[in-house]
Structure formats: structure tokens, C-alpha cells
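A quick write-up on the structure given underneath.
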Ligand code: 6XA
Ligand code: ZN
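Okay, here's the thing in C-alpha cells:
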């Protein structure tokens, strides 16, 4: 399969984030994608190509225009105030406050469009995130054109970004943009499966009232794991979308057997949905050595995951999400994609 990649992800390089109440160096760093690129090339997964450029229109299909306009202008506003270091949100309109009126104050605007203080906004964030969406859209176009699979190798990640909010290191929801592009290209049904350690709250929110895009997420139980306030098993969709969202929260420290049991159920639901394309939010923070997560997957499990996804027999778009064991993230991606490809060939 082709990997779509641009070195413009280096433009997004946060310095510090709040992590569980403490200011620490960012976990989500450029080296992550560099290691993944190296591993994909070393493993011979397939050609690496540059993304095409798309307009904002396909991104506006899943994100509010006023939110995108804010992201586009944010660094300019912050810099005009004399700042040179990253902006971190510090105040939020929670229950009872008004979110319909956009304040003039920059930090108030940033808080309006975010849900945590762990997601620094930097000078190059917009351009990097925008390129990430181009990468996802290029992968989608390849698959719509008949390719069996493609890998969107982008950062920052996307699955926490909702219709009009950023958070969890995410700004534009690349998986959602790609899924929507399949629909807009004529697909009746699409499935998204999120295998990142963290619940894909943004993806869930974007499609929560829709029956055409099945969203599923296997993740650490939000009672103890980020993003804490969403991702429970009783969130099954709403209105027309009732029955088209499924969450598989597992306690931190869960066994690999428990994880694969959830995957089996999720795969059954994908088959039942009969999608024309599958989007995988591929987070590698399920790895036993991940510094901020507590599942136990390792090389054999990533190979098993790749093989199991191949058996679904669907056009499949992989998009990179989390994973912070930087030295191992490349090999872990290569295990999934390599075994996916071998299973197709076998
Ligand atoms: C708290 C941890 C954010 C986790 C981001 C992630 N700032 N999401 O990996 O998938
Ligand atoms: Zn994650």
C-alpha cells in the first residue's frame, strides 16, 4: 500500500503541555512520524508519496467553518499580542456559560474551541494540521480510485477533534474527513474503527446522529483514562444514529485476550454494517511500553491486528493517531501494515 507523507508535520512542534495537572514536555513530537516513516521504508510497505492539496471544502463537511477560521487565524492573533511561545488554553465555557458568542479575547476564544490544556497551539500548527487533512484526503482518493489500502502518515493526530473543538493533541479529525469524503464520493456506508488507547471522542461526536458512518472505539475505560468524559459503553448513537456508535471501554491493564475479544465484536459489527470502505484510526499507544497508556500489545498482537483487519476484505484507509513510545512506534505500525499486506497476498 502507498504511504502518504509530508515533512510539513515538523511545523507543529509543541514545547510544553499540561499532563494531569503538571506542565511537562510534549509527548506528541515530530520524531514519532519520523520513526514511522523510517520503519515503513525499511519494511518495504510500499511507495511513499506526497499529498495533493485540497480546498477547505471537504474539511468543512465535518468541522464548523467558524472553528476552522479560528484555527487558521489563531497564531497570527497570538503573535500580534507579542507572544512567541506556544498558546495553551486556560479557561473554558463549561455548563451554564455561553458558547454561542465568540469572545474578542484570544485565550477566551482558544478555550471556546478546546477541551483540555494539553494541546499547545504553535506557529506551524495550522499548516501542519491542514497538511494532515490533505494526507487523509489523498489516501481517500487513492482508495476511491480502486486501491485496496493506503496509509495516511500524518501528525498531529485527529480523533479527539470534534465538530468545533480541539484537544488531546488533535485539531482536524483526519479519519472523519476521510470517511466523509467516501460518503461525498457516493458511498452509502462507511465504518470507522478506532484502535487507539484513548476513546475517539471527536469522531464519535461528529457522526453521533448518523447511520451512514458506523463509529467504534476500543479504549481505556474513561472512568480512569483520558478523555474521561466520553467513551462509555452506553453511548450507542442518537436519533438516526442510534445503534451506529459502539464503545468498548476496557480497564487500564486489561489483557490482550480482552482487547482481541473486543476487536472480534467490533469486526462483527463492521461486517453487519456492510460498509464500502473502512477507516482505521491507528493509535499505537496500546503498546505495552507506552509512557502514558496501560494496555499490553506488542509485536505479535500488532501482527494479529493487521491480519484480522485484512480478513474484513474491505478497502481500508489507515490513519496515524497516538503512540508515544517513540523508538518503537515505527516498528509497531510496520507490524500492523506489513501483516495486513501479507494476509492479502496469502
Ligand atoms: C492527555 C493525554 C492525551 C492523549 C492523546 C492521545 N493530555 N489520544 O494519545 O489518542
Ligand atoms: Zn491515544
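Numbering (this note's numbering), first residue to last: 4 to 349.
Every residue, glycine too, gets a C-beta built ideally from N, C-alpha and C.
These numbers were taken from a predicted model, which means no experiment stands behind them.
Practice task
Consult DSSP for residue 211 and reduce its assignment to one of helix, strand or coil.
Solution key: coil
Handout entry: Sequence-distant residues of the same chain with beta carbon closer than 6 angstroms to residue 335, five excluded per side
Key = 287, 290 and 305
Exercise for the section: Could you have a look at residue 177 and say whether DSSP puts it in helix, strand or coil? Expected result: Three-state DSSP puts residue 177 in a helix.
Exercise for the section: Report buried or exposed for residue 258, applying the criterion of at least 16 other Cβ atoms within 10 angstroms of its Cβ. Expected result: Residue 258 is exposed by the Cβ-count criterion.
Handout entry: Minimum length 4: unbroken alpha helix (DSSP H) runs contained in the region 102-157
Key = Counting only unbroken stretches of 4 or more residues, the alpha helix (DSSP H) elements lying wholly within the region 102-157 are 109-115 and 128-147, in sequence order.
Exercise for the section: Look at the alpha carbon of residue 166 and the alpha carbon of residue 59, and state the distance between them as a whole number of angstroms. Expected result: 14 angstroms
Exercise for the section: Kindly confirm or deny that the region 104-113 and the region 128-140 touch, where touching means at least three C-beta pairs closer than 8 angstroms. Expected result: no
Exercise for the section: With a threshold of 7 angstroms, establish whether the CB of residue 135 neighbours any heavy atom of the ligand 6XA. Expected result: no
Practice task
May I ask whether a heavy atom of the ligand 6XA can be found less than 7 angstroms away from the beta carbon of residue 295?
Solution key: Taking non-hydrogen atoms of the ligand 6XA into account, the C-beta of residue 295 is found less than 7 angstroms away from one of them.
Practice task
Just mark residue 48 as buried or exposed, buried being the case when its beta carbon has 16 or more other beta carbons within 10 Å.
Solution key: buried
Handout entry: Buried or exposed by the 16-neighbour rule on C-beta atoms within 10 Å, applied to residue 100
Key = Result: exposed.
Practice task
Kindly indicate which three-state DSSP category residue 257 falls into: helix, strand or coil?
Solution key: coil
Problem - Proximity test, residue 170 beta-carbon vs the ligand ZN heavy atom, cut-off 7 angstroms - result: no
Problem - Boundaries (first-last residue) of the alpha helix (DSSP H) holding residue 308 - result: 302-313
Handout entry: Where the alpha helix (DSSP H) containing residue 345 begins and where it ends
Key = Looking at the DSSP string, the run of the alpha helix (DSSP H) that includes residue 345 is 329-348.
Exercise for the section: Can you have a look at residue 97 and say buried or exposed, based on whether 16 or more other CB atoms are within 10 angstroms of its CB? Expected result: exposed
Exercise for the section: Look up residue 219 in the DSSP assignment and give the residues it is bridged to. Expected result: Residue 219 is bridged to 196 and 249.
Problem - Where the beta strand (DSSP E) containing residue 40 begins and where it ends - result: From DSSP, residue 40 is part of no beta strand (DSSP E) but of the alpha helix (DSSP H) over 34-46.
Practice task
State yes or no: is the C-beta of residue 201 nearer than 7 angstroms to some heavy atom of the ligand ZN?
Solution key: Yes, the Cβ of residue 201 comes within 7 angstroms of a heavy atom of the ligand ZN.
Practice task
Whole angstroms is fine: what's the gap from residue 13's alpha carbon to residue 38's?
Solution key: 13 angstroms
Problem - Buried or exposed by the 16-neighbour rule on C-beta atoms within 10 Å, applied to residue 23 - result: exposed
Practice task
Under 7 angstroms Cβ to Cβ from residue 337, same chain only, skipping five residues before and after it: list those, please.
Solution key: Answer for residue 337: 42, 43, 46 and 48, listed in chain order.
Problem - Option nearest residue 218 by Cα separation, candidates 227, 212, 196 and 226 - result: 196
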